[in-house]
Every structure is written in C-alpha cells, then in structure tokens.
Amino acid sequence: MKELTQYSATELADLIAAGRVSAVQVVQAHIARIERVNPRLNAVVVARFEQAMDEARAADARQARGELLGPLHGVPITIKECLDLVGTPSTFGMPSRRHDYPAADDPYVRRLREAGAIVLGKTNVPQALIYNESSNALYGRTNNPWDVRRTPGGSSGGEAAIIAACGSPLGLGTDIGGSVRLPASFCGITSLKPTTWRTHDYSRFAPNVPFSFGPVASVVGPMARSVDDLMLVMRLIGTLPHPQMSTPQPLGDPKQVALAQLRVGFYTDDGIMPPSPAVVRAVREAAAIVQAAGAQVTEWRPPDLRRAAAAYIRLLTANGAAAFRAALAHDRPEPQIAALYWLAQRSEQTVRCVAHALHCLGQRQLAWQLRNVGAPTKDATDLDGAIEAYRRDFLAAMDRTEIGPLDALISPACFSPAWPHGTSRVLITGGAYSIVYNLLGFPAGVVPVTRVRLEEAKPRQRTLDIVNAVASQVDVGSVNLPVGVQVAARPWREHIALAVMRAIQAALCDRADYPRCPSFN
Numbered sequence: 016m017k018e019l020t021q022y023s024a025t026e027l028a029d030l031i032a033a034g035r036v037s038a039v040q041v042v043q044a045h046i047a048r049i050e051r052v053n054p055r056l057n058a059v060v061v062a063r064f065e066q067a068m069d070e071a072r073a074a075d076a077r078q079a080r081g082e083l084l085g086p087l088h089g090v091p092i093t094i095k096e097c098l099d100l101v102g103t104p105s106t107f108g109m110p111s112r113r114h115d116y117p118a119a120d121d122p123y124v125r126r127l128r129e130a131g132a133i134v135l136g137k138t139n140v141p142q143a144l145i146y147n148e149s150s151n152a153l154y155g156r157t158n159n160p161w162d163v164r165r166t167p168g169g170s171s172g173g174e175a176a177i178i179a180a181c182g183s184p185l186g187l188g189t190d191i192g193g194s195v196r197l198p199a200s201f202c203g204i205t206s207l208k209p210t211t212w213r214t215h216d217y218s219r220f221a222p223n224v225p226f227s228f229g230p231v232a233s234v235v236g237p238m239a240r241s242v243d244d245l246m247l248v249m250r251l252i253g254t255l256p257h258p259q260m261s262t263p264q265p266l267g268d269p270k271q272v273a274l275a276q277l278r279v280g281f282y283t284d285d286g287i288m289p290p291s292p293a294v295v296r297a298v299r300e301a302a303a304i305v306q307a308a309g310a311q312v313t314e315w316r317p318p319d320l321r322r323a324a325a326a327y328i329r330l331l332t333a334n335g336a337a338a339f340r341a342a343l344a345h346d347r348p349e350p351q352i353a354a355l356y357w358l359a360q361r362s363e364q365t366v367r368c369v370a371h372a373l374h375c376l377g378q379r380q381l382a383w384q385l386r387n388v389g390a391p392t393k394d395a396t397d398l399d400g401a402i403e404a405y406r407r408d409f410l411a412a413m414d415r416t417e418i419g420p421l422d423a424l425i426s427p428a429c430f431s432p433a434w435p436h437g438t439s440r441v442l443i444t445g446g447a448y449s450i451v452y453n454l455l456g457f458p459a460g461v462v463p464v465t466r467v468r469l470e471e472a473k474p475r476q477r478t479l480d481i482v483n484a485v486a487s488q489v490d491v492g493s494v495n496l497p498v499g500v501q502v503a504a505r506p507w508r509e510h511i512a513l514a515v516m517r518a519i520q521a522a523l524c525d526r527a528d529y530p531r532c533p534s535f536n
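In my numbering, each residue carries its 1-based index in the sequence shown increased by 15.
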C-alpha cells in the first residue's frame, strides 16, 4: 500500500468501510503530514487535531457497532477559513474579527460532517478574500508547496496548498472570481466552481454586507486531487435548496455523459494577459485528449473577454469599493490592494487623470484597469444590463460554431503558472481567464495537466509596461511548476464539465510530468 496521505478521499472512504484501515489511522497520518509540511507552508492556520482524533475514535466505534456509514465516514478534510465551523473563528484574515466564533456550522460543512467527514482544520486566505494571494496580517503568508518563493494563489490558496502537499485529501473553498480555480492550477490539484446559486455562499462576510457584487455571487466549491472526489462532494452539497429557488436544480451524473456526443471548444488567449508557453501547451494537450475520446473539438474565440474583465473591475470597485470599505472598516488594507482600494475612493475625474498619465508613460495595462475603477452608482446599476448583454453574446457565440452548439469549453485557468509572492498587486487582471465564468454564472473547474518544461521557463520579450514586465518574469524559474486547464459548461451542467475533466485526468495521471504530491522536505 502507498502512504495513507497519498490516497484520494474516495479511496480512503472505501478502505475505511472495508476495515482495511481505521479512521484513527487515517486521521493520525494526515495530522502527522500537516505537522511535517505546515511549518514551511503555513496553510493550516486553525488546527483542531485533538477534536479530530476524538471524532475518529467515535467513528471507529460506530463502525464496530455496525451502524450505517456515510460516504465520507472517517475521511479527514480541511475547509477554507471563512466557512463557519463551531469552535473556530471565521475572520476572513482580518484581525478585527479574530473573536468571531459562529453559533452553527456552515450548511455545506454540516453536509460533509453528516456524511462522516472529520475536519482537521481551517486554511489561510487573503484579507477579506480580495486578491490572488493568501496572506494577511492575522495569519501571515501561505507558500506554494512546489516552490515556497511563490504563492498558492487566492482566495482559497491555503486549501489548495495543503491538499497539494497531501496534508488533506479534500476541502471546501469559495469562488467569486476564480478563488478555487486559480489556486488549483497553481498547486496542481482539481477544483470546481458550481453554477451561480447552486451552492450559494452563506459566509458572513461583514455585518449587513453580502459577499456578492450585483449579478455576481460567491459559491462554495470542492477542492481535491481527484475529479472523482469533486463528484462525490457535489452529490452531497449540490442539491441544497437556495432561498431564491423553490426547488434545487437536478444534478447530473458525470459517469453517464458520453464524450463522443459532446461538442467542445477551446481557446488559449483572453486578449488581456498573453499565456505562458506551458499554458498554451496544456490547453492544446487537453483538447487533443478530449478529441481522442470521441468528442468533436474546435478552436474557438469567445466574445471580447476584455468586456468581461472591465465589468468585473467595475463591480468590484463600484461606488468607491463600498462593500470592501464596510468590510475593512476596522482593518488596514494589505499592500496587495492598498493602491486600488485608495483609487476606488477618489473622484471619477482624479482616476481619469491618473489613468491618462499612466497611458502617456507607456503603462497601458494599468491605465486600462483604472478606467474601470470606482464606477459611480448610476454606472453600477447599468452594469447589470451590460453583463446580461455579454452573457447573451457569449451563449450566441457558443451556439454558432462550425461543429454546432458547444457543450463545454477548455481554456487556461490563468495566464501562467504560480506567481512570485507580492506580484498580485500588479497582476490584477491575471485572473481574467477565470472571472468570465463568474460573470456568466457557468460551472467551471480546473484539472492539472502538466508541469513547466525547461525551455518554457524563459522571460518573454522586454517591455516598459510594468504589468507585462512582471508577467514576463513569472515564467523565469518556473520549471516543474504545475499547470492546469479550466473546463466550463453551460449553467446547471456541472456533470458535463466534470466528465470532461475526468477524461483528461484519466488520460494523464500516469504520465511522468503529471502533477502529484510534490517532494517537500
């Protein structure tokens, strides 16, 4: 047998149910792994090891009595720090909330615990879940297990890091702009952002401030090393009713999807951040695998993705970033967002002047970003219509292809492999590949494909544009970092995305360059 920490959650559940190992043995092994890797990762920031061992002993006792076992009986998991768990704080990385202890478990956490899962601890996030790194003044910085000089991403970066390092087989994150997908790609694991409203995020972001921006809302999504584990979790959490829906939408079975009947499009460039060579290769390899499995595949160009990124920036900073001003009322903004946070509160004329000056200085990427910052109330209201128009255009483009209406899309999850620490303050639109599916409300997941090769880890063409200059340096020294691809499907068709992801993983998991648990000493 391989080490217990290398098994998937589904495999561990089967081993425990068959009596080949005990819940205590499995939980002990994962606690030992966390204690070994976490000093260098700082991924698990709230530990509950004693409680987990007590729950494991109770699980073994129930099994010995012949009681009915849940599908995750005895399986250890971790959860993102913002998700409520009785006895632990939900701070969102803000010192002012260090004493925020919930009265009840988050509904999705409760579902997994009722299924037999045992929570080992909670994992790190960025301040207020805002940026694509996982560091904050309360818990410090989380490192990527493949290279501690780089970030695991955000905002579910701590979760991705500890799963990749085999300290946990499975976890829950949240996603409003790529927050389970970008970390999954950076760390070499799988994740799924469900359709908007399927797994509505009940996190208590701040008093009277819902964690949503107009038509875009946060959702809870599973993270794991195996697509089969994502499928298991979705069966458990994907049918909870939403307050705005009388009945939950049915969840399809990925195993019943015939790939030969699917039409799949792929693209490699969003027109904002040019992709790294390894990213382009990963997307094309994934598309070839799906085509070899029988699907009709075509290279496809989505409607101008800059429209989607611009709308998202405007939503994020609308009305002087009102939502985040309320959330950060008692905390100083972290360096990654300080400049954007300040600019969002300036007058429209001031922001335009700064954007014009940056453009004249050759900083075209930053200038473009600023033109969309701090939309006043009337423009923020108009955004709903603009976003709905973009959704119609996107769906129409999916319907009109040479092979017929597309069922799924394969694209980069991010323009590059994992970023060096601190660069998210410049690479604000680096996650644009993923935020489009938050605007659209599509389900979208990430599956690892490959690792960066030596010839792909080189700087790009020199440029005076600081955003492009920082982006070009991300590739330098990135040899062996994992690269994943993003798979999206139409709303409520998570089973389609998961079926495509499962086929990709099955075709690649035995390959030498497939991302597995990294050597971490």
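We treat Cβ as the ideally placed atom computed from N, Cα and C, and that holds for glycine. Being a predicted model, the structure only gives us computed values, none of them experimental.
Use the C-beta contact count for residue i: other C-beta atoms within 10 angstroms, 16 or more gives buried, fewer gives exposed.
i    : result
W357 : exposed
A44  : buried
S194 : buried
Q311 : buried
V498 : buried
D399 : exposed
P533 : buried
V248 : buried
G309 : exposed
P222 : Unreliable placement is indicated for P222, whose pLDDT of 45 sits below 50; the coordinate value is still reported in the next sentence. The residue is exposed, with fewer than 16 neighbouring Cβ atoms inside 10 Å.
I418 : exposed
E403 : exposed
V90  : buried
E174 : buried
E70  : buried
E18  : exposed
C368 : exposed
K270 : exposed
G172 : buried
Q78  : buried
R526 : exposed
E470 : exposed
R477 : exposed
Let's see if you can read the secondary structure: which residues bound the beta strand (DSSP E) around residue i?
i    : result
R278 : R278 to F281
Q311 : Q311 to E314
A423 : A423 to P427
S206 : T205 to K208
I92  : P91 to K95
E189 : A small fix is needed here, since residue 189 is Thr in this sequence, not Glu. L185 to D190 is the span of the beta strand (DSSP E), which, as asked, contains T189.
Could you tell me which residues DSSP pairs with residue i in its beta bridges?
i    : result
R165 : P435
F228 : V231
G499 : P463
G155 : N151
A504 : A423
H215 : V234
V61  : K137
Could you say which of the options lies nearest to residue i if we only look at CA atoms?
i    : options                   : result
L410 : G456, R321, L187 and S241 : G456
V464 : P458, G267, S170 and P427 : P427
Y529 : E300, Y154, G267 and P54  : E300
V242 : A521, R526, D525 and R531 : A521
T189 : L98, P110 and K270        : L98
V234 : D490, V485 and L454       : L454
A472 : I481, R505, L479 and W434 : W434
S487 : P122, S291, E129 and Y22  : S291
Q351 : G168, Q476, A412 and A293 : G168
I252 : L376, A130 and H436       : A130
R196 : R466, A484 and F430       : F430
A74  : V42, G377, T365 and L277  : V42
T365 : L442, L385, Y123 and A58  : L385
D319 : T313, L331, I287 and V298 : I287
G389 : L330, R440 and A372       : L330
R407 : C181, P209, R296 and R322 : R322
A273 : H215, T20 and A514        : A514
L442 : N159, N483, E363 and R475 : N483
For the alpha helix (DSSP H) containing residue i, name the first residue and the last one.
i    : result
M12  : Outside the modelled stretch of the chain, which goes from 16 to 536, sits residue 12, for which no answer is possible.
A76  : F64 to A79
I14  : For residue 14 there is no data in the structure shown, the boundaries of the chain being 16 and 536.
V242 : V242 to I252
D29  : A24 to A32
T365 : E363 to C375
R386 : First-last for R386: undefined, no H or E at that position.
Y529 : Counting along the chain, Y529 falls outside any alpha helix (DSSP H), and DSSP gives it neither H nor E.
A341 : L320 to A342
Can you tell me whether residue i sits near the ligand ATP, meaning its C-beta is under 6 Å from at least one heavy atom of the ligand?
i   : result
H45 : Absent from the structure shown: the ligand ATP. Ligands present: none.
Using a Cβ cut-off of 7 Å (strictly closer), state whether residue i contacts chain D.
i    : result
C524 : The structure shown contains no chain D; it is built from a single protein chain.
### Message
Please give me, in chain order, every unbroken run of the alpha helix (DSSP H) with length at least 4 that falls completely inside the region 79-138.
### Response
122-129
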